[in-house]
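Here the structure is laid out as structure tokens; the discussion comes afterwards.
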Amino acid sequence: MLKRSSLQWIAAGIVGLGIGYGWSQATSPSPAQPGSGSPVSTSEAGKRVREILAGPDRLTRLVELGALLRGLGRDDVPAVQEGFGGAPLDRGDPELVEFAIWWAGFDPKAAYAWTAKDWRGADGAVLGAIFRTWAAREPEMAWGTAQTITFRGHREFCADSVITGWDETNPAALIAFVRKLPTGPLQQRAAEIVARRRVIALGGQGALDWLNTLAEGDFRAMMTPRIASATTLVDPTVAAKWAEPQIAAAKRPTGLPRRIATRWILFDPDAALAWLATLPAGYDRDDGVTEAFRDWQRRDPIASRAWIERTELQRWNEPAFGLHARGMVAADDPAKALAIVGRLSDAELRDYLTTVIARAWLERDPKAADAWIRTADLPEGVRRRTYMVSRKNPNPNPRPAEVDPLAERALPPDDN
Numbered sequence: 090m091l092k093r094s095s096l097q098w099i100a101a102g103i104v105g106l107g108i109g110y111g112w113s114q115a116t117s118p119s120p121a122q123p124g125s126g127s128p129v130s131t132s133e134a135g136k137r138v139r140e141i142l143a144g145p146d147r148l149t150r151l152v153e154l155g156a157l158l159r160g161l162g163r164d165d166v167p168a169v170q171e172g173f174g175g176a177p178l179d180r181g182d183p184e185l186v187e188f189a190i191w192w193a194g195f196d197p198k199a200a201y202a203w204t205a206k207d208w209r210g211a212d213g214a215v216l217g218a219i220f221r222t223w224a225a226r227e228p229e230m231a232w233g234t235a236q237t238i239t240f241r242g243h244r245e246f247c248a249d250s251v252i253t254g255w256d257e258t259n260p261a262a263l264i265a266f267v268r269k270l271p272t273g274p275l276q277q278r279a280a281e282i283v284a285r286r287r288v289i290a291l292g293g294q295g296a297l298d299w300l301n302t303l304a305e306g307d308f309r310a311m312m313t314p315r316i317a318s319a320t321t322l323v324d325p326t327v328a329a330k331w332a333e334p335q336i337a338a339a340k341r342p343t344g345l346p347r348r349i350a351t352r353w354i355l356f357d358p359d360a361a362l363a364w365l366a367t368l369p370a371g372y373d374r375d376d377g378v379t380e381a382f383r384d385w386q387r388r389d390p391i392a393s394r395a396w397i398e399r400t401e402l403q404r405w406n407e408p409a410f411g412l413h414a415r416g417m418v419a420a421d422d423p424a425k426a427l428a429i430v431g432r433l434s435d436a437e438l439r440d441y442l443t444t445v446i447a448r449a450w451l452e453r454d455p456k457a458a459d460a461w462i463r464t465a466d467l468p469e470g471v472r473r474r475t476y477m478v479s480r481k482n483p484n485p486n487p488r489p490a491e492v493d494p495l496a497e498r499a500l501p502p503d504d505n
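Be aware that the sequence shown starts at 90, since it is given in this note's numbering, and climbs by one per residue.
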């Protein structure tokens, strides 16, 4: 039996094929373009749709439905709708996606309106297919309509689909549009899609070369970390090689170690960490190690712990050891966690983690923690802050009085 994840990937692939078909319908002239003729009469269309959707094999249904829809047009919409009416389909099924793509190819407004009337169409995959197809013909209208959607998840997914559909037909106009969007999260999200599309279209190195053609300024600054991220997913060694001289020459943190390493570590952690070890010491490297290891811990706590246990503590990997001590070790053995933290050469990080771990220990086992704190070789300020536990809040948040070096060494959130 196929695993659930495998079935999801297969379904996603089917949807992707359907969207590609819809885009070609919307942009390529053909004798079989919707509305150009009906090999099946309107009176027979609904019956044929019902027959296809009653078939036992999904791939066969999709192939036959696509062939049928390719010969139908605007006048056949009611009959096709009737054929879908009683079909045993659930929300977002690929057959509904295919239907939506076909309809949006000649009447996207009506197709979008249908999703509010048929609960099965109120799904991100169906909506995304409509807006991607719509963007091939009326991108700005599709974008404006997407921004009116109330549910945030659907609004963002539809806006992303508009960017994709627009890029497939007129990338130059799309880039000019994204440049003019108001500065902020909306523009940044659109830029993420543009960056991914440049890598898809040009390859990793080609996307980096395209980036170099942009004039210096805010748009290039916004695209740089996003192109680095997208390139990493395709070819991390190309992204790393491109970033190294920029990291070394920068007078302020670039955010590139974080951008590259947080993606790379999820599919090749040893290579990502080995690359981080080669970077110049400083804020940029520490930030990359911190955020990459944090993501790896969440994704695969067993593998990340095994890496710590077989790796020698060095200055470059201290942020990773600190995260490990604070998280996985402190819960089971706070004395061991504090021993790890005590070996860190970064005084700011060492003192902060000592305070946080010892405080938590005091809450769980006051007697043992108190004995350790009183006898440990600690700076007096650390010892004093460790005992500052609010009785009203037994799990105090050390911020804003204390800044977490593992969190605050990061760049602004939009560059994560």
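By construction, the Cβ of each residue, glycine as well, lies at the ideal position given by its N, Cα and C atoms.
Inter-residue Cα distance where the pair is residue i and residue j
i, j, result
"R388", "A366", "21 Å"
"D384", "T343", "19 Å"
"T321", "D212", "30 Å"
"V283", "R226", "18 Å"
"I356", "S132", "The sequence given here has Phe at residue 356, not Ile. Approximately 53 Å between the Cα atoms of the pair."
"A449", "R209", "49 Å"
"N262", "G273", "Residue identity differs from the one stated: residue 262 is Ala in this sequence, not Asn. Their Cα atoms are separated by approximately 20 Å."
"L158", "N259", "26 Å"
"G293", "A392", "28 Å"
"A328", "E398", "29 Å"
"R474", "A205", "57 Å"
"L451", "R285", "48 Å"
"P390", "G233", "43 Å"
Residue i, DSSP secondary structure in three states
i, result
"E227", "coil"
"T234", "helix"
"A248", "helix"
"I141", "helix"
"R432", "coil"
"E401", "coil"
"P369", "coil"
"K206", "coil"
"A329", "helix"
"A339", "coil"
"G181", "coil"
"V283", "helix"
"N259", "coil"
"L148", "helix"
"V378", "helix"
Residue i and residue j closer than 9 Å at C-beta
i, j, result
"A317", "W299", "no"
"G217", "A231", "no"
"A235", "R278", "no"
"A199", "V251", "no"
"F188", "V169", "yes"
"I354", "P346", "no"
"G135", "E171", "yes"
With 16 other Cβ atoms within 10 Å as the buried cut-off, status of residue i
i, result
"S130", "exposed"
"E305", "exposed"
"I429", "buried"
"D375", "buried"
"Y201", "buried"
"I289", "exposed"
"M477", "exposed"
"W112", "Note on W112: pLDDT 47, under 50, position unreliable in the model; the coordinate value appears next. W112 should be labelled buried."
"N484", "Because N484 sits at a pLDDT of 49, beneath the cut-off of 50, its placement in the model cannot be relied upon, and the following sentence gives the value as read from the coordinates. With fewer than 16 Cβ atoms within 10 Å of its Cβ, N484 is classed as exposed."
"G411", "buried"
"N406", "buried"
"P197", "buried"
"T222", "buried"
Closer than 9 Å to chain D by CB, residue i
i, result
"I289", "Of the protein chains in this structure there is only one, and it is not chain D."
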